[in-house]
Each structure stands twice: as C-alpha cells, then as structure tokens.
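Take a look at the structure below.
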Amino acid sequence: MSGSGKSTLINDTLFPIAQTALNGATLAEPAPYRDIQGLEHFDKVIDIDQSPIGRTPRSNPATYTGVFTPVRELFAGVPEARSRGYTPGRFSFNVRGGRCEACQGDGVIKVEMHFLPDIYVPCDQCKGKRYNRETLEIKYKGKTIHEVLDMTIEEAREFFDAVPALARKLQTLMDVGLTYIHLGQSATTLSGGEAQRVKLARELSKRGTGQTLYILDEPTTGLHFADIQQLLEVLHQLRDQGQHDRGHRT
C-alpha cells in the first residue's frame with residue numbers, strides 16, 4: 007500500500023539498527039522504535055538499493071559483477087596476445103597500455119555545458135570502442151574485446167557457455183531479468199531498478215555468504231508480472247542458499 011510507511015520502516019529504522027548491531031557501523035540514527043527481534047540469526051546486513059553501481063562511464067555490469075577479470079584473462083591467453091607479451095591489464099580500459107588515451111578508456115568525451123547538464127559524445131579517436139588499434143587486433147573466438155563488451159547479457163551467456171566461471175555469473179544476471187542490457191553498458195545509463203538487480207546478481211553469484219540479512223526496497227518497480235515471478239524465484243534461491251549454509255532448512 008503506497009504511503010503506508012514501508013520504506014521508512016525498512017530504510018530509516020530496520021537498516022540502521024541492523025547495521026549497528028551486525029556490521030558495527032553507525033551511519034545514521036534510526037527512527038524511533040520500541041523493539042526489534044531476530045537479529046541474532048544474522049551475522050551481517052547488506053542493503054541492495056537502487057543507487058548507481060558507479061558514477062562514471064567506466065563502471066558497468068561486467069566490472070561490477072567480476073565478469074570482466076576472467077574475460078581479460080581469456081583475451082590475454084590468445085596466442086597472438088601472448089606473442090606480443092600482452093597481459094590481462096592490456097585489456098583494461100582503466101589503465102594505460104591498451105586503452106584509447108584520447109578518452110582514457112571511457113569511449114566518450116564529456117562536454118561541459120556550463121548552465122546545463124554535461125553531455126557525453128563518442129570519442130573521435132576510438133569511435134566509442136575504448137581501446138587502441140593494437141588491442142583491438144586481438145580476437146577471442148573471432149570477437150574483439152570491444153565486441154564482447156557490446157554483447158547483451160544473453161548473447162554473452164551463449165558466447166561463454168564453455169567457460170563455467172563466466173557462464174555462472176552471466177546466468178545470475180539473466181535470472182534477475184537483465185538479459186537485454188549490455189555487458190559493458192555504462193552505469194550512468196542503467197535505471198535504479200536495473201542497478202539494484204545487478205547488485206542482486208552479484209550477491210547471488212557469491213558462494214558461502216553466511217547468515218546475511220538482505221534489504222531490498224521496492225525491487226519489483228517497473229517489472230512486468232512474468233519478470234516479478236522470475237525475481238521472486240531468484241530471491242527464494244538466495245534464501246535457500248542461506249538455509250543450506252546453516253546445514254538445515256526451515
């Protein structure tokens with residue numbers, strides 16, 4: 007029921023109380039409350055909110071979920087890359103070497119508009135591909151690193167089907183309904199709901215998370231009924247994973 011105080015209860019009361027009790031951190035004073043019970047069953051609290059997963063064009067689902075590291079390792083293992091002495095760092099757009107220096111790996115150039123919000127335009131040097139020509143000469147299964155980052159999650163899941171570590175993480179992104187976003191899509195272009203589900207996918211892909219209290223406020227906002235059902239299945243899976251860690255089911 008809208009306006010009944012659910013968000014206030016969760017964000018302004020439960021989360022700060024749990025954060026102090028479980029994480030030993032006091033970032034905000036909780037709203038007035040009488041009593042809270044059950045926190046002894048948890049060892050930490052994580053707030054999976056709708057804030058951005060990053061505030062620059064370099065932040066994306068691949069980097070946030072840990073997918074990008076094994077992808078770079080695969081490219082560094084290509085015979086041509088090895089003969090050139092390329093390491094996984096060559097395929098990072100965060101450091102010098104393989105990235106386009108004109109845009110410093112962003113793929114876009116920020117144009118300051120003074121009294122208006124800044125805008126981003128594609129880099130003239132790399133045409134939005136983030137990398138320099140030499141790096142883009144290396145291909146894994148016929149694809150450049152840019153082409154891999156430009157894949158949708160669904161396309162990447164099929165492309166890396168034979169790489170278990172990658173397939174598992176990509177599957178969790180699909181499980182939360184993010185089949186359509188791109189692997190290297192800028193964090194600044196993701197909606198709040200999409201950012202929240204990327205965070206949820208990262209938690210879901212972890213092993214042995216312990217007795218964690220996850221807090222999600224309005225995770226179904228903007229979702230169709232079928233997507234809501236799929237998200238509920240994922241949340242139940244996350245719950246069952248915690249029960250398995252305890253050695254029993256409730």
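Numbering-wise (this note's numbering), the sequence shown opens with residue 7 and increments by one.
The beta-carbon is built from N, C-alpha and C at its ideal position, and this holds for glycine as well.
No experiment lies behind these values; they were computed from the predicted model shown.
Buried or exposed: where does L238 fall if 16 or more other Cβ atoms within 10 Å of its Cβ makes it buried?
Classification of L238: exposed, given that the 10 Å Cβ count is below 16.
Are N66 and R105 close, meaning C-beta to C-beta below 8 Å?
Taking the C-beta atoms as reference points, R105 is found no nearer than 8 Å to N66.
Between Q202, R213 and I221, which has its C-alpha nearest G60's C-alpha?
Nearest C-alpha to G60: Q202.
Tell me the rounded alpha-carbon separation between G199 and D55.
9 Å
What are the partner residues of S137, as DSSP defines its beta bridges?
Residue 137 is actually Tyr in this sequence, not Ser. Answer is R105, bridged to Y137.
Among A24, E161, P63 and T14, which residue has its Cα nearest to the Cα of Y126?
Out of A24, E161, P63 and T14, P63 has the C-alpha closest to the C-alpha of Y126.
Nearest CA to the CA of T71: which residue from E153, T218, K175 and D223?
Checked all of E153, T218, K175 and D223; the closest Cα to T71 is K175.
Look at the alpha carbon of R96 and the alpha carbon of G103, and state the distance between them as a whole number of angstroms.
6 Å
R252: buried (16+ other C-beta within 10 angstroms of its C-beta) or exposed?
Only weak support exists for where R252 lies, its pLDDT of 43 falling under 50; the value from the coordinates is given anyway. Looking at its Cβ environment, which holds fewer than 16 other Cβ atoms inside 10 Å, R252 is exposed.
Compare the beta carbon distance of V154 and V84 with 8 Å and say whether it is the shorter of the two.
no
Name the DSSP beta bridge partners of P128, please?
V114
In whole angstroms, what separates the C-alpha of L241 from that of T195?
25 Å
Tell me whether A31 is buried or exposed, calling it buried when 16 or more other Cβ atoms sit within 10 Å of its Cβ.
exposed
Which residue comes first and which comes last in the alpha helix (DSSP H) that contains I52?
First-last for I52: K50 to D53, but that is the beta strand (DSSP E), not the alpha helix (DSSP H).
Measuring CB atoms only, is the stretch 183-195 touching the stretch 36-51, in the sense that at least three cross pairs come out at less than 8 Å?
no
Under the three-state reduction of DSSP, which class applies to T32: helix, strand or coil?
coil
With DSSP run on the structure shown, which of helix, strand or coil describes Y146?
Judged by DSSP in its simplified three-state form, Y146 adopts strand.
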